[in-house]
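**Q**
Residue numbers (this note's numbering): 13 to 83.
1) Taking the C-alpha atoms as reference points, what is the distance between residue 74 and residue 45?
2) Along the alpha helix (DSSP H) that carries residue 54, what are the first and last residues, could you check?
3) Once the 5 residues before and after residue 57 are set aside, which same chain residues still bring their CB inside 6 Å of it?
4) Apart from the five residues just before and just after residue 40, which ones in its own chain have a Cβ nearer than 8 Å to its Cβ?
5) Closer than 7 Å to a non-hydrogen atom of the ligand MN - does that hold for the CB of residue 29?
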């Protein structure tokens with residue numbers, strides 16, 4: 013039986029390639045096939061997740077230590 017390769021996960025990312033958020037996304041999903049979807053507003057990331065345009069969203073969170081939260 014031949015299995016079709018899985019499509020990369022679409023991940024919404026605040027900012028653009030090379031940003032700290034992008035680096036965090038690359039690190040968190042290391043080894044997985046992903047397709048970044050860049051957004052210039054936090055709200056756009058959240059909306060993309062809520063409407064299931066993407067599977068996950070990554071936004072920066074400052075002022076917290078040891079924060080590992082998935083929404």
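Quick reminder that beta carbons are idealized off the backbone N, C-alpha and C, glycines included.
Nothing here was measured: the structure is a model prediction, and the numbers come from that model.
**A** Result, derived from the coordinates:
1) Residue 74 and residue 45 have their C-alpha atoms roughly 27 Å apart.
2) That run of the alpha helix (DSSP H) goes 54-62.
3) Leaving aside the five residues that flank residue 57 on each side, the residues in its chain whose CB is nearer than 6 Å to its CB run, in chain order, 24, 26, 51, 69 and 71.
4) Within the same chain, residue 40 has close Cβ partners 70.
5) Here there are no bound small molecules, and the ligand MN is not part of this structure.
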